[in-house]
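Report on the structure given below.
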Amino acid sequence: MTEKIEVLRRLQSIDTKIKRLEGDKLYRSHDVEKKKDEIKRKRDTLASIVAETKNYQKSIGLKELELKTKEEEIHKLSVQMNQAKTNKEFSAFKTEIGGKEADKSVIEDAILGMITKYEEMQQRQREFEKEIEHEEVSSKELQKKVEDNIKEMDTKITAFKEKRNKYTSLLDDNTLQQYNRLVSHKDGIAVAGIVNKVCQSCFMSVTSQTVNQLMSKKELTFCHSCGRILYLDDGSDELEDIENI
Ligand SMILES: [Zn+2]
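The opening position of the sequence shown corresponds to residue 7 in our numbering, with each subsequent residue numbered one higher.
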């Protein structure tokens, strides 16, 4: 019987390690996904920056067209002014041209301001593109690292599973079934130690009768509170033979 509980304890230790490794694998894959999502969000932002910059370029084009129209108007008025027949007519054209020149100057100033802003927008776009490029390099590095990690973890899992097979072959079908049922219903923990008459899984006290039964080592003993398979944990053995896989 001592042997059976020792086998179960080792099986439990292996299963806990496998479960932890499977969890780590998921966690690491999640890191890669997170990074990819982050880049995708940045690409979306870049797309809107590009659209914004393009739109702004279009409005500069429209403003330049406005300037050209104004220049044509001024030119037309100048021709008319030069053909003026009276001083009064000449003055009227001159005043009108003066007004148009003032408008033209306002438009020119606006265009200069717009070009400055446009250059800033282009600069921002370039910086953002660079940032994304950089992120993609680091994402690829992360992915490579995670793939290597996962490979290492898979190797460990395979080794643990081989060990697991070795231990399960030592158990009778009934015990193995009991163990497996507990593992799947008790959050992966089927075997619990008793320290100072307290189950280390549910932290409920066990009776002296339970302790006596464990001492006699005749049959498997279960916790009355959580139903797990119990063993007396005096802290002396650490299942060292499976620690260093
Ligand atoms: Zn318990």
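Glycine is no exception: its CB is placed at the ideal position from the N, C-alpha and C atoms.
Just the C-alpha distance for residue i and residue j, rounded to the nearest angstrom, thanks.
| i | j | result |
| --- | --- | --- |
| R26 | A57 | 47 angstroms |
| I121 | N61 | 13 angstroms |
| E141 | I66 | 33 angstroms |
| Q131 | K42 | 20 angstroms |
| S54 | D115 | 27 angstroms |
| L177 | V189 | 15 angstroms |
| K110 | T59 | 25 angstroms |
| T161 | Q219 | 40 angstroms |
| F5 | K23 | Past the boundaries of the shown model lies residue 5; the chain is included only from 7 to 251, so the question cannot be answered. |
| K106 | E70 | 15 angstroms |
| F99 | L68 | 27 angstroms |
| C208 | K169 | 28 angstroms |
| M210 | T216 | 12 angstroms |
| I117 | E126 | 14 angstroms |
| Y124 | M159 | 51 angstroms |
| Q149 | E133 | 24 angstroms |
| M7 | N155 | Confidence is the limiting factor: at M7 the pLDDT is only 48, short of 50, which leaves the residue's position unreliable and the question unanswerable from this model. |
| S236 | K40 | Correcting the residue identity first, residue 236 is Leu in this sequence and not Ser. Each residue's alpha carbon lies about 41 angstroms from the other. |
| E153 | G194 | 26 angstroms |
| D240 | S145 | 48 angstroms |
| T75 | H81 | 10 angstroms |
| G29 | K10 | 28 angstroms |
Just to confirm, does residue i get its C-beta within under 8 angstroms of one of the non-hydrogen atoms of ligand 1?
| i | result |
| --- | --- |
| A165 | no |
| A53 | no |
| R187 | no |
| A198 | yes |
| G241 | no |
| S190 | no |
| R15 | no |
| G233 | yes |
| S214 | no |
| M210 | yes |
| S207 | yes |
Can the beta-carbon of residue i be found closer than 9 angstroms to that of residue j?
| i | j | result |
| --- | --- | --- |
| C205 | A198 | yes |
| T174 | L17 | yes |
| L73 | I103 | no |
| S214 | K203 | yes |
Output yes if chain D places a C-beta closer than 9 angstroms to the C-beta of residue i; else output no.
| i | result |
| --- | --- |
| A196 | Protein chain content of the structure displayed is limited to a single chain, and chain D is not contained in it. |
ask   = Looking at C-beta atoms only, is the number of pairs between the stretch 222–237 and the stretch 37–53 that lie closer than 8 angstroms three or more?
value = Between the stretch 222–237 and the stretch 37–53 there are fewer than three inter-stretch CB-CB distances shorter than 8 angstroms, so the stretches are not counted as touching.
ask   = With a cut-off of 8 angstroms, do at least 3 Cβ pairs link the stretch 84–97 to the stretch 134–154?
value = They do not touch, by the three-pair rule.
query = Three or more C-beta pairs closer than 8 angstroms, one from the stretch 89–98 and one from the stretch 31–39: is that the case here?
reply = By the Cβ rule, the stretch 89–98 does not count as touching the stretch 31–39, because fewer than three pairs are nearer than 8 angstroms.
query = In the stretch 139–211, which residue ranges form an unbroken alpha helix (DSSP H) of at least 4 residues, counting only runs that do not cross its ends?
reply = List check, alpha helix (DSSP H) in window: 179–191.
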